[in-house]
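Residue numbers (the working numbering), protein chains in the order written: chain A, 313 to 551; chain B, 313 to 551. What follows is a short report on a single structure.
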DNA sequence: CCGGCGGGTTGCGCCAGCGCAAATTCAGGC
DNA sequence: GCCTGAATTTGCGCTGGCGCAACCCGCCGG
């Protein structure tokens, strides 16, 4: 099994407050696994055999409704923990995790979790913070879906992606993994048609540039203003 | 300070796996507080001074958008933990908690959390499960808002309320605390008008009976079928 | 170099549900 | 018993965004 250098992961939130020795002990139980682009790490409904840390690449967590429609729960960025189903009391994964780029994950058997937590309680505390942060994000999403129009929701989603996984390029900031209109639709609760129209309009205004599975935000600040602006703001008066 | 009998709370998920002695030690740090109907337990943005367990009554957790609109995050039922902001790494409460009925809460100072967790690691593990469960619920809500029409969302919300806080009455199951059309609208991302129309229609079909701040579900099963039914189901073919 | 296919774009018509407004009802307080 | 205000109901018109359908484009494999 490939050894993992503890210095690579020492700064991850999951391992906050642990000594190097502790970290080595924990890492000794992990395997490092390569996941090819578009391959699943695990699938919704499957026995939650492992939990993971993403070392390299990008992973999409998606959830299928009983009726068969899909939504995207989140994109996992490098260094984040995912698949912690057992830790939150689930026997099966509640979502599917798919690599959207060639990726590398660290995997621990779920069975190791209770033992690790007992020996290193900081793991539970750290995971609690992570899960708490996700809960906040999910609530934010519910708020946006309840109160904002589609264009703003898309703007917010894009800004979040840029913040989380933006890569500086020539003319702006590019989202650092392949993402389709359909994906954005599934993140914002709309259709790929509407996303396409919206991006086209923004492209016309010079806010973004996009092509297949690729989006570059040219004017993050203008996009931000669009996302935040008050729809009332004195736009309605007749000359 | 009023003493709390440990037998009253021994079965709560938060205290799973703790001995009676441990429980007494933990309870000795709590105060019991009465909160009058329509009074806040804490408010969004306020310093997270305490965390709570609801002993009696019902509490609504709501969140205001930057633009000033409100959504309802959830209703807290008896025995549930809430206000655990500090435990998930927040300095301030992310939402407002309001008693919707005369209620009684147990309150611990947030400062006690790290010490309690150190001494009783089960607290962290139990809270992790609770927060994880809420994350699942929130994801379910996102899925519903993304893929379901308003009527089904309202049906699902009602069924959840009935399950969580239903009280058997003469003709059906009543939601055991005052809840307005507006409240349901804020839970499902719609308007009070649409909720009103929907409930009126259901009342016409004998599924529910409702009046001011009161809803009785007469036919839970029919409501469930309505919530789950496939809109496609062979209704559209041309001869 | 070619063909096919997975994305992406765009025009068109429609409708669920919203916004507005007015009327009605009910629960308390006085 | 009356008054007030909050909660609810309901009609009406409008529109954001969806569904459909046709079409385009660029990448990849052969």
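Every residue, glycine too, gets a C-beta built ideally from N, C-alpha and C. A quick note: this is a predicted structure, and the numbers were derived from the prediction, not measured.
*Determine the contact status of residue 502 of chain B and residue 472 of chain B, defining contact as a CB-CB distance below 9 Å.*
no
*Where does residue 548 of chain B sit, in a helix, a strand or coil, going by DSSP?*
Bear in mind that the predicted position of residue 548 of chain B carries a pLDDT of just 37, short of 50, making it unreliable; the figure below should be weighed with that in mind. Of the three classes helix, strand and coil, the one that applies to residue 548 of chain B here is coil, per DSSP.
*Can you tell me which of the three DSSP states residue 330 of chain B falls into?*
coil
*Whose Cβ in chain A lies nearer than 7 Å to the Cβ of residue 381 of chain B?*
459
*Just to confirm, are residue 357 of chain B and residue 405 of chain B a CB contact at a threshold of 9 Å?*
yes
*Excluding the five sequence neighbours on either side, which residues of its own chain have a C-beta within less than 6 Å of the C-beta of residue 463 of chain B, listed in chain order?*
510
*Taking residue 446 of chain B as the query, report the chain A residues whose CB atoms sit under 7 Å from its CB, ordered along the chain.*
447
*Listed by chain order, chain A residues near residue 450 of chain B by CB distance under 7 Å*: 447, 450, 451, 454
*Straight-line CA distance for residue 458 of chain B to residue 449 of chain B?*
14 Å
_alpha helix (DSSP H) runs wholly inside the segment 453–527 of chain B, at least 4 long, in chain order_ = 462–477, 493–500, 504–516
_Same chain only: Cβ atoms within 8 Å of residue 476 of chain A, ignoring 5 sequence neighbours per side_ = 387, 389
*When the distance is taken between beta carbons, is residue 424 of chain B closer than 9 Å to residue 341 of chain B?*
yes
*Test item: CB-CB of residue 436 of chain B and residue 408 of chain B under 9 Å*: no
*Quick one: what does DSSP say residue 432 of chain B is sitting in, helix, strand or coil?*
coil
*Output, in chain order, the set of chain A residues within a Cβ distance shorter than 7 Å of residue 441 of chain B.*
400, 401
_Give me the chain A residues within the contact set of residue 385 of chain B, using Cβ-Cβ distance strictly less than 7 Å, ordered along the chain._
451
*Find the residues of chain B that neighbour residue 542 of chain A, judging by a C-beta separation of less than 8 Å, and give them in chain order.*
379
*Which residues of chain B have a Cβ atom closer than 7 Å to the Cβ of residue 375 of chain A, listed in chain order?*
451, 455
*For residue 359 of chain B, does the three-state DSSP call read helix, strand or coil?*
strand
*Pick out the complete alpha helix (DSSP H) segments inside the segment 389–452 of chain B, 4 residues or longer, and give them in chain order.*
424–431
*Quick one: list the residues of chain B neighbouring residue 429 of chain A, beta-carbon separation under 7 Å, in chain order.*
437
_Buried versus exposed, by CB contacts within 10 Å (16 or more), residue 359 of chain B_ = exposed
_If I measure Cβ to Cβ from residue 545 of chain B and keep anything under 6 Å in the same chain, skipping five residues before and after, which residues do I get?_
At residue 545 of chain B the pLDDT is 47, less than 50, meaning the model places this residue with poor confidence and gives no usable figure here.
*Just confirm the distance between the C-beta atoms of residue 415 of chain B and residue 366 of chain B, as a whole number of angstroms; I'd bet it's less than 8 Å.*
7 Å
*Give the C-beta separation of residue 444 of chain A and residue 478 of chain B to the nearest angstrom, bearing in mind that I take them to be a contact with Cβ-Cβ under 8 Å.*
29 Å between Cβ atoms; not a contact.
_Assuming contact is defined by CB atoms lying nearer than 9 Å, are residue 321 of chain A and residue 347 of chain A in contact in what I supplied?_
no
*asked:* Within 9 Å of any Cβ in chain B, is that where the Cβ of residue 433 of chain A sits?
replied: yes
*Going by alpha carbons, who is nearest to residue 495 of chain B out of B:529, B:470, B:516?*
B:470
*Cross-strand partners of residue 352 of chain B (DSSP beta bridge)*: B:410
*Looking only at C-alpha atoms, which of B:420, B:498, B:461 sits nearest to residue 380 of chain B?*
B:498
*residue 344 of chain B bridges to which residues according to DSSP?*
B:418
*Between residue 385 of chain A and residue 489 of chain A, which are expected to be in contact by the criterion C-beta below 8 Å, what is the C-beta distance as a whole number of angstroms?*
Not a contact, Cβ separation roughly 16 Å.
*Hey, how far is the Cα of residue 353 of chain B from the Cα of residue 373 of chain B?*
10 Å
_Whole-angstrom distance between residue 397 of chain B and residue 344 of chain B, CA atom to CA atom_ = 19 Å
*Is residue 395 of chain B near residue 323 of chain B, with beta carbons less than 9 Å apart?*
no
*Using a Cβ-Cβ cut-off of less than 7 Å, list which residues of the segment 486–512 of chain B approach chain A; keep chain order.*
501
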